[in-house]
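>
Numbering (the numbering used here), first residue to last: 5 to 196.
1. Residue 45 to residue 195, Cα distance in whole Å?
2. So what does DSSP say about residue 71, is it helix, strand or coil?
3. Just the Cα atoms here: how many angstroms apart are residue 149 and residue 168?
4. Closer than 8 Å, CB to CB, is residue 43 near chain D or not?
5. Would a C-beta distance cut-off of 8 Å place residue 22 and residue 52 closer than the cut-off?
6. For residue 84, which of 119, 57 and 131 has the nearest alpha-carbon?
7. Does the pairing of the segment 158–172 with the segment 108–127 give three or more beta-carbon distances under 8 Å?
8. Only counting runs of 3 or more residues, tell me where the beta strand (DSSP E) segments fall wholly within the segment 42–95, in order along the chain.
9. Can you tell me whether DSSP reads residue 126 as helix, strand or coil?
10. Using only alpha-carbon positions, find the residue among 95, 173 and 164 that is nearest to residue 20.
11. With burial defined as no fewer than 16 other Cβ atoms inside 10 Å of the residue's Cβ, what is the status of residue 27: buried or exposed?
12. How would you write the range of the beta strand (DSSP E) that residue 10 sits in, first residue to last?
13. Suppose only complete runs of 3+ residues qualify. What are the beta strand (DSSP E) ranges in the segment 100–172, listed by chain order?
14. Take every Cβ of the segment 49–69, pair it with every Cβ of the segment 102–112, and state whether three or more of those distances are shorter than 8 Å.
15. Once you ignore the five residues that flank residue 117 on each side, which residues in its own chain have a CB closer than 8 Å to its CB?
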């Protein structure tokens, strides 16, 4: 009997940091027990091209299933479709606001709403600085609903010598929250 794969939704929005979503998909591609469901916003596609020189079709090739941003009838828009949860990497302030206020106007915010209502894990990687009060309140609101705010901030104690090492550390820490095997991506802090 075949063991069903664990499903994880990866969403990418128009905030800077497309490398985080791409790297997560690359790591999960090599995890045969995981199935990825990708959603990317129109602004996310612009960032993907600008920051990484990547096209949407190349990104889709990294995912098991790709859903259109406006496909509200997609499998992941229903709580009956079992997933381990969702990561929004990077997460724009617009998407954060939509999730914080239950404004499911596209598949990203609808899927995040489903994850929260089903009490599954939602990790959002907000990318904006400095923060204004509404950003902070929206983060607090999602946190109160059970979501996890994980701004991609480098940990300097690891003495990473490259940007990719810093990206890998953040990606490893986020994926580890879902029980993904992240061996080799980063070294957890063991103390001095």
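Here a beta-carbon is modelled for each residue, glycine too, at the ideal position from N, C-alpha and C. The structure displayed is predicted, hence computed values, not measured ones.
Taking the geometry as given:
1. 40 Å
2. strand
3. 32 Å
4. No chain D is present in this structure, which holds just one protein chain.
5. yes
6. 119
7. no
8. 69–71 and 89–95
9. strand
10. 95
11. buried
12. 10–16
13. 125–130
14. no
15. 103, 106 and 108
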